[in-house]
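Read the structure below first, then the notes.
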């Protein structure tokens, strides 16, 4: 069974541009989570989507946005890129986001470099 | 605001040694606690999930305990191997299903 898949693996963008990252959850999982892992800052929660709706977002500016499609895949958009947005962006999925007891599975991440 | 602390930040042990990694959290109102492993430049691999009502979970050479009232968890690794070298992260699930991570323990097992 395929795990959580993310694309692209690496992305280089110029400051001020927009970046789009994609995530496919494990088959049957309805919840998708996005996390940012910047150097020296640890893992920070970005967004949670379940059944196509945004359920929660972390303490990030509005230029970080996303959506979840009917097939439960998800997209993270980062507008007006800043140098400090350079990080590993991790997507995760789980069964039934409304149930807190489920294991969360992570993908391999997308490396975003802003120059 | 939930805060998760992991001690030590780094640990180096010889192969075969048993070791304990520590995790503490400030808000005991959690749904569960997960331990993850992260290899350099890679994503996270889930190791163990302990529900808030449980005291421990075991998987192979790994055993994780949870004391919710005191806000502590430990990950015990038996008979460590060089392949266990990685960063180990603990995370708690709080309200709105948000995971709060510790900063991790970087483990090196020397052959």
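Chains as they are written, first to last, in the working numbering: chain A, 1 to 115; chain B, 116 to 226. Every residue, glycine too, gets a C-beta built ideally from N, C-alpha and C.
Just to confirm the assignment: which complete beta strand (DSSP E) runs, minimum length 3, are found wholly within the segment 9-55 of chain A?
10-13, 19-24, 31-38, 42-50
Looking at the unbroken beta strand (DSSP E) that takes in residue 182/B, where does it start and where does it end?
Here the question's residue 182/B lines up with position 67 in the second chain. It spans 177-182 - the beta strand (DSSP E) in which residue 182/B sits, taken as one unbroken run.
Any idea what DSSP makes of residue 66/A, helix, strand or coil?
For the purposes of this step, residue 66/A is identified with residue 66 of the first chain, where counting begins at 1. Three-state DSSP puts residue 66/A in a strand.
Determine the burial state of residue 227/B: buried for a count of at least 16 other Cβ atoms within 10 Å of its Cβ, exposed for fewer.
Since the first residue shown for chain B is 116 and the last is 226, residue 227/B is missing from the structure and cannot be characterised.
Verify the CB distance criterion: does residue 92/A have a CB-CB separation below 9 angstroms to chain B?
Along the first chain, read from residue 1 onward, the residue named residue 92/A stands at position 92. Residue 92/A counts as touching chain B.
Any beta carbon of chain B sitting closer than 9 angstroms to that of residue 33/A?
As a working note, residue 33/A is residue 33 in the first chain. True, the Cβ-Cβ gap to chain B drops below 9 angstroms.
Suppose contacts are defined by Cβ-Cβ distances below 9 angstroms. Is residue 149/B in contact with residue 103/A by that definition?
The sequence position of residue 149/B within the second chain is 34, counting from 1. The sequence position of residue 103/A within the first chain is 103, counting from 1. Cβ atoms of residue 149/B and residue 103/A: closer than 9 angstroms.
Taking only three categories from DSSP, how would you classify residue 226/B?
Sequence index remark: in the second chain, residue 226/B carries index 111 (1-based). Three-state result, residue 226/B: coil.
Report the residue ranges of all beta strand (DSSP E) runs contained in full by the segment 130-209 of chain B; include only those spanning at least 3 residues, in chain order.
134-140, 147-153, 159-166, 171-174, 177-182, 187-192, 201-208
Work out the CA separation of residue 198/B and residue 77/A for me, nearest whole Å.
Position 77 of the first chain, counted from the start, is the residue given in the question as residue 77/A. Position 83 of the second chain, counted from the start, is the residue given in the question as residue 198/B. Looking at the two C-alpha atoms, the distance is approximately 36 angstroms.
Closest by CA to residue 202/B, which one among 170/B, 171/B, 121/B?
If you number the second chain from 1, residue 202/B lands on position 87. Nearest C-alpha to residue 202/B: 121/B.
Between residue 215/B and chain A, is there a C-beta pair that is closer than 9 angstroms?
Here residue 215/B is taken as the residue at index 100 of the second chain, counted from 1. With 9 angstroms as the cut-off, residue 215/B counts as an interface residue toward chain A.
On the three-state DSSP scale, how would you describe residue 81/A?
Position 81 of the first chain, counted from the start, is the residue given in the question as residue 81/A. In this structure, residue 81/A counts as coil in the three-state DSSP scheme.
Thinking C-beta only, is residue 47/A closer than 9 angstroms to residue 54/A?
Sequence index remark: in the first chain, residue 54/A carries index 54 (1-based). Sequence index remark: in the first chain, residue 47/A carries index 47 (1-based). Yes. Within cutoff.
Cutting at 7 angstroms between CB atoms, please list the residues of its own chain near residue 130/B, excluding the five before and the five after it.
On the second chain, position 15 is the one that residue 130/B refers to. Answer for residue 130/B: 195, 196, 197, 224, 225, 226, listed in chain order.
Cβ shell of residue 143/B (< 7 angstroms), same chain only, five flanking positions each side left out
Stepping through the second chain from its first residue, residue 143/B is reached at position 28. 183, 184, 186, listed in sequence order.
For the segment 153-169 of chain B, list every residue whose C-beta sits within 7 angstroms of some C-beta in chain A, in sequence order.
157, 158, 159, 161, 164, 166
Selected residue, minimal CA-CA separation from residue 21/A, among 43/A, 95/A, 68/A:
Residue 21/A sits at position 21 when you count from the first residue of the first chain. Answer by Cα proximity: 68/A.
Under 9 angstroms by beta carbon: chain A residues contacting residue 149/B
Residue numbering aside, residue 149/B sits at position 34 when the second chain is read from its first letter. Within 9 angstroms Cβ-Cβ: 103, 104.
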